[in-house]
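These notes concern the structure reproduced below.
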Ligand code: PSU
Ligand code: MN
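Numbering (this note's numbering), first residue to last: 19 to 344.
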């Protein structure tokens, strides 16, 4: 087991030692993805959910609800974050409460891990940094909302999320609802192909577009359910034991937004980000907040719906893998 600034919770360590199902969860969504102010009203998808209440920040409720969804579907959640300079694999409720409200919590990508641990900082981990923890701990399944990718205008900015390169060297299956149309989705799929990372549709033949639901870009592989997904992962890892997989699960239809205008809005926002001097690791959180504001909170409902569904799917696939690999 790894030594140093990585701390694996007992429950996660025990499950991994027994070959049981474990699902990693990221925390950039907690620190930078969802509102941290006390909720004044609840998105419809969680109106009757036990982890959500008026007065409780949506970001905290969401983290607790993802953990619950993982457990409900038979796996152990491992929420990953940097807390006081330690890379935690399995956070306590106290850790999540701190990260949810700490305005100084940083956003940790792969390159930030060493510096932030040395500085004893607190940070939410992006998909890429969470994948590093998965690689060290041996976690094969991970649920997130949307993958980072190739940004619009990348030819000038070279802004390509570290999520992509890290996936190409970490053997973990990331369940996500594709990526957001604030990115260049075609270029993102091309980059994943170049890196040798399979993008497998979960009951869909096209690359999902995050809160916009099913997409239009064709995928090279589709699976029909968790059993099929686990079998595909097993075949992939028997040949490419160090390479990740994207399992792409569209936002549940009842909560997905219309496509209408989102491409035009994405282009406009990308240009606005450049004009306003938003760059570096603040681009993604800024774009997501702009979309939430412009869709009057509807994108928030869709975002929460897809995050909870991805936790469910990751748990089902992890459970299937644990049963068949045993
Ligand atoms: N895309 C989303 N929601 C998110 C993110 C991406 O729709 O919260 C987060 C994820 O944690 C992802 C990170 O790993 O943003 C990508 O940031 P960057 O583009 O700076 O790599
Ligand atoms: Mn970037």
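Quick reminder that beta carbons are idealized off the backbone N, C-alpha and C, glycines included.
To the nearest angstrom, how far is the alpha carbon of residue 128 from that of residue 150?
Numbered from 1 along the chain shown, position 110 holds the residue referred to as residue 128. Numbered from 1 along the chain shown, position 132 holds the residue referred to as residue 150. C-alpha separation (whole angstroms): 7 Å.
Among 199, 255, 140, which residue has its Cα nearest to the Cα of residue 191?
The sequence position of residue 191 within the chain shown is 173, counting from 1. Comparing Cα positions, the closest option is 255.
Using the DSSP secondary-structure output, state which residues sit across from residue 159 in a beta bridge.
Taking the first residue of the chain shown as position 1, residue 159 is located at position 141. Answer by DSSP bridge pairing, in chain order: 191.
Label residue 308 either buried or exposed according to how many other C-beta atoms from any shown protein chain fall within 10 Å of its C-beta, with 16 as the threshold for buried.
Within the chain shown, residue 308 is the residue found at index 290, counting from 1. Residue 308 should be labelled buried.
So, using beta-carbon positions, are residue 136 and residue 100 closer together than 8 Å?
The residue you call residue 136 lines up with position 118 of the chain shown. The residue you call residue 100 lines up with position 82 of the chain shown. Not in contact: residue 136 and residue 100 (Cβ atoms no closer than 8 Å).
Using DSSP bridges, identify the partner residues of residue 220.
The count along the chain shown starts at 1 and reaches residue 220 at position 202. Bridge partners of residue 220: 241.
If you scan the region 33 to 98 from start to end, which runs of the alpha helix (DSSP H) of 4 or more residues do you find wholly inside it?
76 to 90
Thinking just about the alpha-carbon of each residue, which of 218, 216, 170 is nearest to the one in residue 203?
Taking the first residue of the chain shown as position 1, residue 203 is located at position 185. Residue 170 is the option with its Cα nearest to residue 203.
Rounded to whole angstroms, how far is the Cβ of residue 261 from the Cβ of residue 186, which I believe are closer than 8 Å?
Within the chain shown, the letter at position 243 stands for residue 261. Within the chain shown, the letter at position 168 stands for residue 186. That pair is a contact at about 6 Å.
Indicate whether residue 139 and residue 124 have their beta-carbon atoms separated by less than 8 Å.
What you label residue 139 is simply residue 121 of the chain shown in a count that begins at 1. What you label residue 124 is simply residue 106 of the chain shown in a count that begins at 1. With contacts defined as CB atoms closer than 8 Å, residue 139 and residue 124 qualify as a contacting pair.
Near residue 251, what residues of its chain come up, given a Cβ to Cβ distance below 7 Å and the 5 sequence neighbours on each side ignored?
Translated into the one-based positions of the chain shown, residue 251 becomes position 233. Closer than 7 Å at the Cβ level, and outside the excluded window around residue 251, lie 191, 263, 339.
Checking 8 Å against the spacing of the C-beta atoms, do residue 10 and residue 218 come in under that value?
In this structure the chain extends from 19 to 344, so residue 10 is not present and cannot be described.
Excluding the 5 residues preceding and the 5 following residue 61 in the sequence, name in chain order all residues of the same chain whose CB lies nearer than 6 Å to its CB.
On the chain shown, residue 61 is found 43 positions in, with the first residue counted as 1. Cβ within range, chain order: 318, 319, 322.
Distance check for residue 168 and residue 326, CA to CA, integer angstroms please.
Position 308 of the chain shown, counted from the first residue, corresponds to residue 326. Position 150 of the chain shown, counted from the first residue, corresponds to residue 168. So the alpha carbons of these two residues sit roughly 25 Å apart.
Would you grab the beta carbon distance between residue 130 and residue 147 for me? Rounded to a whole angstrom, and I think it's under 8 Å.
Looking up residue 130 in the chain shown gives position 112. Looking up residue 147 in the chain shown gives position 129. Sure, about 7 Å apart at Cβ, within 8 Å.
What are the partner residues of residue 198, as DSSP defines its beta bridges?
For the purposes of this step, residue 198 is taken as the residue at position 180 of the chain shown. DSSP output for residue 198 lists no bridge partner at all.
Can you tell which of 302, 332, 237, 343 has its C-alpha closest to the C-alpha of residue 52?
Here residue 52 is taken as the residue at index 34 of the chain shown, counted from 1. The residue among 302, 332, 237, 343 with its C-alpha nearest the C-alpha of residue 52 is 302.
Select from 94, 86, 144, 73 the residue whose C-alpha is nearest the C-alpha of residue 48.
To locate residue 48, count along the chain shown from 1; it is residue 30. Looking at the Cα atoms, 144 is the closest of the given residues.
If you reduce the DSSP assignment to three classes, tell me which class residue 27 lands in.
One-based indexing of the chain shown puts residue 27 at position 9. Reduced to three states, the DSSP call for residue 27 is coil.
If we ignore side chains and look at the alpha-carbon of each, how far apart do residue 71 and residue 79 end up?
Counting from one through the chain shown, the residue named residue 71 turns up at place 53. Counting from one through the chain shown, the residue named residue 79 turns up at place 61. In a straight line, the C-alpha of residue 71 is about 8 Å away from that of residue 79.
Let me make sure I understand the geometry here. Which of 54, 153, 297 has the alpha-carbon closest to that of residue 122?
If you number the chain shown from 1, residue 122 lands on position 104. Nearest option by C-alpha distance: 54.
By the 10 Å Cβ neighbour count, where 16 or more other Cβ atoms means buried, how is residue 56 classified, buried or exposed?
In the chain shown, the residue the question calls residue 56 occupies position 38. Residue 56 comes out exposed.
May I ask which residues mark the beginning and end of the alpha helix (DSSP H) holding residue 110?
Mapped onto the chain shown, residue 110 falls at position 92. No alpha helix (DSSP H) holds residue 110; DSSP gives it neither H nor E.
Helix, strand or coil for residue 124? Go by DSSP, reduced to three states.
The residue you call residue 124 lines up with position 106 of the chain shown. In the structure shown, residue 124 sits in a strand (DSSP, three-state: E or B).
Determine, using beta carbons only, whether residue 213 and residue 182 come nearer to each other than 8 Å.
By one-based count along the chain shown, residue 213 stands at place 195. By one-based count along the chain shown, residue 182 stands at place 164. Taking 8 Å as the Cβ cut-off, residue 213 and residue 182 qualify as a contacting pair.
Within the same chain, show all residues whose beta-carbon is closer than 6 Å to that of residue 180, passing over the 5 residues directly before and after it, in chain order.
Numbered from its first residue, the chain shown carries residue 180 at position 162. So the qualifying residues of the chain are 127, 128, 146.
Using only the heavy atoms of ligand 2, determine whether one of them is closer than 7 Å to the beta carbon of residue 299.
As a first step, residue 299 must be located in the chain shown, where it is residue number 281. At least one heavy atom of ligand 2 is nearer than 7 Å to the Cβ of residue 299, so yes.
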